[in-house]
Structures are given as C-alpha cells and as structure tokens.
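Start counting the sequence shown at 68; every next residue gets the next number (this note's numbering).
Glycine included, every Cβ here is placed at the ideal spot set by N, Cα and C.
Let me begin by presenting the structure, written as structure tokens, before commenting on it.
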Amino acid sequence: IEYMPADTPPEEKDCILHDDWISALKVTEKYYITGCYDGQIYVWDKNNSLVAKEIVHKKPIKCIDVFDDGGSILIVSGSLDRTISVNRFSHGKIERVFVGIGHKNSIYSIASGCFDSTIGIWSVYDDSYNKDVITVEKKKVQAKSCVTFMEGHKDAVTQACDVAFLNIVQSPFEPHWLASGHADGIIRIWNPLDKESVLYKKLPSNSPMNFALAWKPDNQFVLCAGSYDGSVRTFDLRHPKECLFIVKSAAEDDKVFVCEFDGNDLLFGGEAKKLNIFSN
C-alpha cells in the first residue's frame, strides 16, 4: 500500500499586471522573468515589485531562457522579429550583450527553434561569430551569427530541449521522462528508453490546445498544463484518469501561454496581461 498525502487546492495569492500579453516566463531563486508581446523583458522580485524592464525586440517575444553568469543573469529571448536577444541582468539593469541574426522566420524556443525549420546554436563568448554593429531602439548593439544551423526538419520547430524531441518539457528528476502537449487535449508522457513502449502514459486534460507545460521541481510525478481555454490543470502521474486541480484567472476566456512552478506556488499568464500566482 502506497500512502500519498492529499494536496490542498491552490488559491489565488497575487497577480502582477503587465502592459501586454505574457508569452514567456522563467522563475529563478530571486526573480520572475517575463517576456511580452510588446517586445519587452520584465524582471520582478518575489515581492512582486518591478526591478527592471527593457525593450529588446521589435515584435512579440515567444520564448525566454536564463543562465547564471557569475553574479549576473543572462536572459536569452527569441521573437517574431526573427532575432535572438542575449541580455545581462545585473544591479537592477538589463544590458544588451548581442543580437543573434540568421533565422528566416519567427523564433519559438531556445536553443532557437524556428518556423524556418531549423535549430540555431549560439555562442555567447566566442567573438569570431560577431557581425556588424546594428541599431535597435536607438541603441548600438553587437550582432552575431549562430555557430551552426541544424537542418532536417520539414516543418516549423516550436520547441526544443536537451534530447532529440520537440514540443516537450523534460522532467527535472527523470531526464528520460518527457511530457508533450497537443491540440487534441491529451498530454502525453514519453520514456524514450523503454524498448517496449515509448509512450508511457496519456493524461486527458479535456481542454483544447495544451500550449504550456511545466514539471513541479520538487515532485517527480506532478506537472501542470496551461490551455487556450484559460485554465491551468495540475496532474499527478499516479492518477492518470483525471487532473488534481483546475485554476483560472478572473478573465476565464483569455488564453494561457505560460505556466511555471515556484516551490508551492503556481504561476501562469497569457492574454489577460497579468502573471497569476496561486499557492497551496
């Protein structure tokens, strides 16, 4: 007999208003970092105060990733303007490091997966890929080409991770566990190492377009899915027939583009122009 303590349903804790749709989100130890349709990166502290914001793209941001860089944070964003923007956040300021150019269509993931059917690999520190200095938002910025383009896909690349699968998130506990969201309302869990059945489990979400997915960093069985119906559902792989909880913001019909866990907090945002924070 396996005993599992029941979780309490998450309740709305707070929300952070934005100027435009929230289309990218990363959580660090000290900050919430969001990217929006206005081309801006926002950095918020855990007291929900705005620390910094900067226009880094001419068109909507579609993806963000963050990396520790010895006391500062590198924020990498991709956009519908076909560029990668690498920025350093330090001492309350966001400063541009370089702009990655070379993709021929909108960028939806980092390392950059693009609607031109390629994946771009970029180097932050190797200056041999530097191009001409260009002007972005009246500021001089170093342009840089990518190290290589990985070709072979026959259609748009919308997401990538450390293993050779697309449209997935990778479990922080089991690197070979992968979750993918689909337009048929089913979340699929994959185990590529299983020789008998790569498809490990199906989670019916009963919602269209599971656009956002995130694993809970302190529980290997729990993940959440944000949907185009404005809901975020939390699942436990040990109970695959139905979700544990469903939460929605006040604007129920607004699409959810991003969701992430921060400890026991669940964060999500999208068309409602606010970062919702629920806690259990």
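For residue i, the nearest candidate out of the options (CA to CA)
i      : options                        : result
Thr363 : Gly137, Ala279, Leu84          : The chain is shown only over 68 to 347; residue 363 falls outside these bounds and no answer can be derived.
Pro271 : Trp282, Asp303, Lys283         : Asp303
Glu355 : Lys269, Leu290, Cys130, Leu84  : Because the chain here runs from 68 to 347, residue 355 falls outside it and cannot be looked at.
Trp88  : Glu327, Asn347, Asp321, Ala246 : Asp321
Lys80  : Val314, Ser144, Cys103, Ala339 : Val314
Leu141 : Lys129, Val164, Ala119, Ile122 : Val164
Asp105 : Gly337, Ile253, Gly248, Ser346 : Gly337
Gly137 : Tyr99, His158, Gln237, Ile83   : His158
Phe312 : Asn347, Asp285, Val323, Ala339 : Asn347
Ala73  : Ser316, His306, Ala339         : His306
Gly252 : Pro259, Ser294, Asp261         : Ser294
Phe328 : Asn258, Val299, Ala281         : Ala281
Asn331 : Pro284, Ala119, Pro127, Pro239 : Pro284
Gly248 : Val299, Lys97, Ala119          : Val299
Tyr98  : Gln107, Ala91, Leu117          : Leu117
Lys340 : Lys269, Ser90, Thr75           : Ser90
Pro76  : Ile122, Cys310, Val123         : Cys310
Arg149 : Asp135, Gly297, Val123         : Val123
Ala119 : Pro127, Gly102, Asp135         : Gly102
Pro127 : Gln107, Ser139, Asp135, Trp111 : Gln107
Asn286 : Lys269, Pro239, Asp135, Trp111 : Pro239
Glu78  : Val325, Cys326, Ser316         : Ser316
Boundaries (first-last residue) of the beta strand (DSSP E) holding residue i
i      : result
Asn390 : This structure does not reach residue 390, given that the chain is present from 68 up to 347, and the question cannot be answered.
Asn331 : Where Asn331 is concerned, there is no enclosing beta strand (DSSP E), given that its DSSP letter is neither H nor E.
Gly297 : No beta strand (DSSP E) holds Gly297; DSSP gives it neither H nor E.
Ser116 : Counting along the chain, Ser116 falls outside any beta strand (DSSP E), and DSSP gives it neither H nor E.
Arg305 : Element bounds for Arg305: n/a, residue is neither H nor E.
Lys160 : 160-168
Gly102 : 98-103
Ser238 : Unbroken run through Ser238: none, as it is neither H nor E.
Ser31  : Because the chain spans 68 through 347 in this model, residue 31 falls outside it and cannot be assessed.
Lys129 : 128-135
Leu141 : 140-146
Leu342 : 341-346
Alpha-carbon to alpha-carbon, residue j and residue i
i      : j      : result
Phe156 : Asn115 : 17 angstroms
Leu333 : Lys93  : 12 angstroms
Gly167 : Ile151 : 5 angstroms
Ile161 : His85  : 18 angstroms
Ser146 : Leu342 : 20 angstroms
Ile131 : Ser144 : 4 angstroms
Lys125 : Val323 : 22 angstroms
Ile154 : Lys129 : For the record, residue 154 in the displayed sequence is Asn; it is not Ile. Their backbone Cα atoms lie some 16 angstroms apart in a straight line.
Gln237 : Lys308 : 21 angstroms
Phe345 : Phe288 : 19 angstroms
Glu96  : Pro259 : 31 angstroms
Tyr267 : Ala292 : 18 angstroms
Lys335 : Asp112 : Sequence inspection shows Phe at residue 335; the Lys mentioned does not correspond to that position. One C-alpha to the other measures close to 16 angstroms.
Asp296 : Asp261 : 33 angstroms
Val110 : Val325 : 16 angstroms
Asp135 : Ala246 : 25 angstroms
Assumed close pair residue i, residue j - CB separation to whole angstroms, cut-off 8 angstroms
i      : j      : result
Ile83  : Val133 : The Cβ separation is near 17 angstroms, so there is no contact.
Ile256 : Trp244 : 7 angstroms
Any C-beta of chain B under 9 angstroms from that of residue i
i      : result
Ser144 : Among the chains in the structure shown there is no chain B, since it carries only a single protein chain.
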